[in-house]
């Protein structure tokens, strides 16, 4: 039974043993020796394989590729083809075998593999035991016979891992080379970009300098242009002032000449027409006559005087007028035109006047007179028309007053305003029509009327009048119509009878309340007699004021007076209120809207 192992037996011999220190060869060149026992009992040393273990200095100088090759080669040599350990010679009692085992263990630890020094430790124990007994140990035979399945498997695993590690290292070295090339390319590109950036910075700096120079030049040029424009504006202003002064002088002279000539022509023509400024223009003579000749004997006994008075026909063309009297007026302007104007310096202004200028001035004056004559005629027509309208209203109010007693409902004082001529509706003439009297479609008894023989007058009630009042007035018109018909039969003026019919009520915007002065004899409409719908309309709101209606006190007095029998027989208060004296009562043929 083998002796028990002691602590010294299991300890790994020191790598720096005296034997190693005395060995002149470096560890990488040491040879493995075996102690081969001979038949005569004498130990002999034989060299085995060379253990190529690089030193740390040698390992650092190895190239990067295959830096684990020495260790792998050593491991391969230590593994026999049968999967066992190599034979390690131990020629003496030195610790070389232990050193080899320690190196193997260190290699396993360095490569990250499990420590597989169990089997070599058993061999060391066997050798140590043999040496302790003092006998010669046959290490080679013992090592050959000792087989360790676990050691073989461990070494195989180490081999596989080493091969895999070598493949991984080789694969990563290729990636590292690619990355190195890529990094080198990137560095080269960065250097090129840096160079280009420096060049661009230099160019930008140059451009900034040039831009600053150009900006200074532009500012200087703008300043010079502003100064030049200011000079040009001053020059143009001075030139315009001079031209304006000259033009004003010429224009002023031309305007003065034109105004003076127009004034002279206007006064000369009025002199020919024998009128002054305030008088109306004479009416045309008609029949293509433009001059009115008169004769008279002066009071002092002088000879007979014949005069010609110009009467232009304002309704004919300028060509017809100028053929009759243009030369007479133009000749007087040439001979004595200065005397017809009060313009200072007219004699100087009239120098050099041409016939064309004089004729143009006369034509302009004639056009002005034509416009004035038309306005004058329209004004007279309006006055005549308004006179006839007022006359008709007065005649109508008088006729209603005469027959007021025929309708008892109209006897109250609240109806007195109906007989004031300002509140009468306007009778408008229209074309002849064969219609009956007012309100012919009712059952009210009335005097039959003959059919109209000429024009008829249509009466349109105002929109503010109540419907009940219109019905009462229709009844009143029946009696008025009968009286007029009877008068027409006995009249020595011929048949002046005109039929009157009731037309449609006027529109809201065509009806208005008259404005009357509050004085004695004037009757105003009560508010209760105005249609509320019309008064509240947009057009009627302007009449919603007490100025258009009778006062409450006045209305109360009139009602009380009517109750005492004073409501009737007051017709004389309405006669000739405006001095018309019934004008327009018998007007014939007047048409208006």
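Residue numbers (the numbering used here): 2 to 594.
Don't be surprised by glycine CBs; every beta carbon is placed ideally from N, CA and C.
Best match in the options for proximity to residue i [C-alpha to C-alpha]
| i | options | result |
| --- | --- | --- |
| residue 407 | 346, 478, 371 | 478 |
| residue 363 | 162, 289, 270 | 270 |
| residue 548 | 516, 540, 523 | 516 |
| residue 416 | 524, 232, 190, 161 | 524 |
| residue 328 | 307, 308, 359 | 359 |
| residue 268 | 382, 232, 395, 337 | 337 |
| residue 345 | 235, 509, 202, 254 | 254 |
| residue 261 | 298, 348, 418 | 348 |
| residue 289 | 317, 224, 234 | 317 |
| residue 356 | 330, 341, 374 | 330 |
| residue 372 | 202, 197, 282, 297 | 282 |
| residue 505 | 427, 172, 380 | 427 |
| residue 514 | 352, 546, 488 | 546 |
| residue 368 | 181, 542, 313 | 313 |
Residue i CB to nearest heavy atom of the ligand SAM below 7 Å
| i | result |
| --- | --- |
| residue 383 | With respect to the ligand SAM, the structure shown offers nothing to examine, as it has no ligands at all. |
Proximity below 8 Å, CB of residue i to CB of residue j
| i | j | result |
| --- | --- | --- |
| residue 462 | residue 393 | no |
| residue 530 | residue 467 | yes |
| residue 275 | residue 310 | yes |
| residue 460 | residue 503 | yes |
| residue 422 | residue 481 | no |
| residue 350 | residue 257 | yes |
| residue 291 | residue 322 | yes |
| residue 377 | residue 398 | no |
| residue 521 | residue 465 | no |
| residue 458 | residue 370 | no |
| residue 230 | residue 366 | no |
| residue 519 | residue 550 | no |
| residue 308 | residue 295 | yes |
| residue 334 | residue 265 | yes |
| residue 484 | residue 404 | yes |
| residue 473 | residue 410 | yes |
| residue 374 | residue 526 | no |
Residue interval of the alpha helix (DSSP H) (run including residue i)
| i | result |
| --- | --- |
| residue 369 | 356-403 |
| residue 485 | 468-491 |
| residue 330 | 319-337 |
| residue 597 | The structure shown has nothing for residue 597, since the chain only spans 2 to 594. |
| residue 316 | Neither: residue 316 is in no alpha helix (DSSP H) and is coded neither H nor E. |
| residue 411 | Taken as a continuous stretch (DSSP letters only), residue 411 belongs to no alpha helix (DSSP H), as it is neither H nor E. |
| residue 350 | 347-350 |
Cross-strand partners of residue i (DSSP beta bridge)
| i | result |
| --- | --- |
| residue 295 | 308 |
Segment limits, beta strand (DSSP E) that includes residue i
| i | result |
| --- | --- |
| residue 503 | 501-503 |
Below-8 Å beta-carbon distance, residue i vs any chain C residue
| i | result |
| --- | --- |
| residue 338 | Note that chain C does not occur in the displayed structure, where there is just one protein chain. |
Mind pulling the beta strand (DSSP E) runs of 3 or more residues that sit fully within the region 192-223? none
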